[in-house]
Amino acid sequence: MNPIFVLMYRLISVKLSLFLLVAILFMASCQSTDNKGENNGETQNEKSSHVASGKIEQLTETIQQHPDSASLYFERGKLRIETKDYKKGEIDLKKAIDLKPKVSLYYATLGQTYLDEEFRDSAMKYFSASLKVDPKNRVARLQKAFLLWLRNDYEGTLSQTDSLLEHYPKSPKALGLRSQVYEAQGNIDKAIKVMKKALQIEPLGYDAMMRMGDLLLKKNSGKAIRFYEKAAQMDSSAAEPYYCIGLIKEKQGQKAEATIYYNKAIQHNAQFVFTYFHLGKLYEDEQDWEKARKIYTLATRVAPTSSKAYYMRGKMEAHVGKIEEAIADYRQALVFDENNKKAKAALEKIKE
67 MNPIFVLMYR LISVKLSLFL LVAILFMASC QSTDNKGENN GETQNEKSSH
117 VASGKIEQLT ETIQQHPDSA SLYFERGKLR IETKDYKKGE IDLKKAIDLK
167 PKVSLYYATL GQTYLDEEFR DSAMKYFSAS LKVDPKNRVA RLQKAFLLWL
217 RNDYEGTLSQ TDSLLEHYPK SPKALGLRSQ VYEAQGNIDK AIKVMKKALQ
267 IEPLGYDAMM RMGDLLLKKN SGKAIRFYEK AAQMDSSAAE PYYCIGLIKE
317 KQGQKAEATI YYNKAIQHNA QFVFTYFHLG KLYEDEQDWE KARKIYTLAT
367 RVAPTSSKAY YMRGKMEAHV GKIEEAIADY RQALVFDENN KKAKAALEKI
417 KE
C-alpha cells in the first residue's frame, strides 16, 4: 500500500483548516459550539444573534447622529456579518473605508469577510489594499500568502511569508505555509525541517500534529506514529489518528495491531467510513467472511449511498452462500454508481 493513500481522503480539508484563519479579526463571538438551550429554550447562537441585533439598532441610531464616523460603520458592519447579513455588512465596511481610507484593519476585515464567503479574488484585493496602508499587518500578509498558495503560486507564497517573517520571525503559521510549499515542490526534507521549526515555536494543535505525521510518513513511519499519537491526545474525539496508525500497522504486516487501531477509530467516530473498509479487508484476508460481512453492513449504515459498501458486502454474501442477498447488494451498488465495474462484473458472474 502506498503511504500516500493515508493522506488522500483528508488532505485538502486538513490543509485548509490549518491555515484558513477563522475570522480572527472579529468573529470569535459566534464560534460557540454550546447548543444547550437556556431556560427559555434559546441556544447560545440565537441569544448572541439577538444581542447583536440589538446593538445594530443602537449603532444605527448613533450613526444617524454621527454620519461621518468610520468607526461606527465598522462596528455595525462587523455585527451585521456576525448575524450573517453579509451584503449589508460589506456595505458598512466599505463606507468605513471611504470615510477613513488609512486604516489597514478596515481593509483586512473586509478581506476576511470575502475569504469566509470564498470570494477569493475580492479577498485578495482587500488584503493587498490593507498591506499598502500597513505592510506590517500580520493577518493581511498571512492571508494573502494563503490565497497565493491556493492558486499554486508558490513563489508568491514564499515571497509573502518572507516579508511576514522579516517582521515576525516567530510566526508558526507562516512557517507552516512554507512547509506546504516545499512539500508541493517535492522537497519533503525541507518541508519537514520547516514544520519542525514551526512546532518548536508553538505547537499548533491537532491539525499541525497530523500534518507532521503525514510528512514523516513519507520518510519514517515510526516517527509518523508518534505525531499521530500526539494528535489523538489533543483531540480525544478524533478518529483520524487511529485510522492512520492502523494503515501503517497494516502496511507493516501487523494485522492484529491494525485491527485494534481501526476499532479505536470506530469507537472515537462511528461515522468514519474509511475505517470499515480496511477493517473488513483484514477479516477478508483471514477468510472470516461473516465478520467481514458484519463490518460492511455497518459501512452501509454509516454511508447508505456508498456503492463500494454494498459491493463489498455483496462479495461477503456470496462467500457465505447468500446468493439472492449478494445479487441485491450488487444491484444496489450499481444504483449508486452505475460505473462500478467490479459490481457489474460480480453481478454478471454470480448470475451465470
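For any residue, its number in our numbering is found by taking its place in the sequence shown, counting from 1, and adding 66.
The beta carbon of each residue, even a glycine, is placed where N, CA and C say it ideally should be.
Spatial distance of residue i from residue j (CA atoms)
i	j	result
Q333	A305	8 angstroms
A211	K415	54 angstroms
T341	D158	48 angstroms
I163	I314	53 angstroms
G312	G346	13 angstroms
A195	E148	23 angstroms
G252	K321	31 angstroms
W215	G222	8 angstroms
Q124	E141	11 angstroms
G387	M378	15 angstroms
A411	Y308	34 angstroms
K289	E249	18 angstroms
K357	A375	14 angstroms
T325	L348	7 angstroms
I172	D151	In the sequence as presented, Ile is not what sits at residue 172; that position holds Tyr. Near 17 angstroms, if we compare the C-alpha coordinates of D151 and Y172.
K239	I267	10 angstroms
I129	L138	6 angstroms
Q337	A394	24 angstroms
K236	L230	10 angstroms
Q353	P370	25 angstroms
A409	Y396	5 angstroms
I361	K317	20 angstroms
H385	E350	10 angstroms
F193	Q178	8 angstroms
E323	F343	16 angstroms
A189	G155	15 angstroms
E183	C310	32 angstroms
Supposed close pair residue i, residue j - CB separation, criterion 8 angstroms
i	j	result
V247	L283	Rounded, the Cβ-Cβ distance is 19 angstroms, inconsistent with contact.
F293	G271	With a Cβ gap of about 12 angstroms, F293 and G271 do not count as contacting.
A136	L165	4 angstroms
A174	N218	24 angstroms between Cβ atoms; not a contact.
K263	L241	6 angstroms
G380	A392	5 angstroms
V401	V368	Not really, about 18 angstroms apart at Cβ, beyond 8 angstroms.
M300	M261	With a Cβ gap of about 16 angstroms, M300 and M261 do not count as contacting.
L145	K160	Rounded, the Cβ-Cβ distance is 16 angstroms, inconsistent with contact.
R359	E390	Not really, about 14 angstroms apart at Cβ, beyond 8 angstroms.
L200	S170	Contrary to the premise, residue 200 reads as Asp rather than Leu in this sequence. Their Cβ separation, rounded to whole angstroms, is 4 angstroms, which keeps D200 and S170 in contact under 8 angstroms.
Exposed unless 16 or more other CB atoms sit within 10 angstroms - verdict on residue i
i	result
S372	buried
Q209	buried
E404	exposed
K153	exposed
N406	buried
Q398	buried
K417	exposed
H132	exposed
I78	Only weak support is given to the placement of I78: the predicted model assigns it a pLDDT of 34, under 50, and the question is left unresolved by the model.
T363	buried
E127	exposed
D273	buried
Pick from the options that is closest to residue i, judged by C-alpha positions
i	options	result
K191	Y180, P201, D200	Y180
E295	A322, R186, Y327, E418	Y327
R186	L171, Q266, L213, K161	L213
G143	E127, H132, I122, E418	I122
K168	E183, K198, R146, K154	K198
S303	K330, D228, S287	K330
N335	W355, K317, P370, A298	A298
I258	H233, K285, S188	K285
L243	G319, Q226, H344	Q226
The ligand COA heavy atom lying under 7 angstroms from the CB of residue i
i	result
S188	Questions concerning the ligand COA fall outside what the structure shown contains, since it holds no ligand whatsoever.
Below-8 angstroms beta-carbon distance, residue i vs any chain D residue
i	result
L145	Included in the structure is just one protein chain, with no chain D present.
Handout entry: 4 or more residues per run - each alpha helix (DSSP H) lying fully within the segment 258–330
Key = 272–283, 287–300, 306–317
Exercise for the section: Within the segment 198–251, note down every full alpha helix (DSSP H) run reaching 4 residues or more, in order along the chain. Expected result: 204–216, 220–233, 238–250
Exercise for the section: Scan the segment 162–196 and note each continuous alpha helix (DSSP H) run of 4 residues or more that stays entirely inside, going in chain order. Expected result: 170–182
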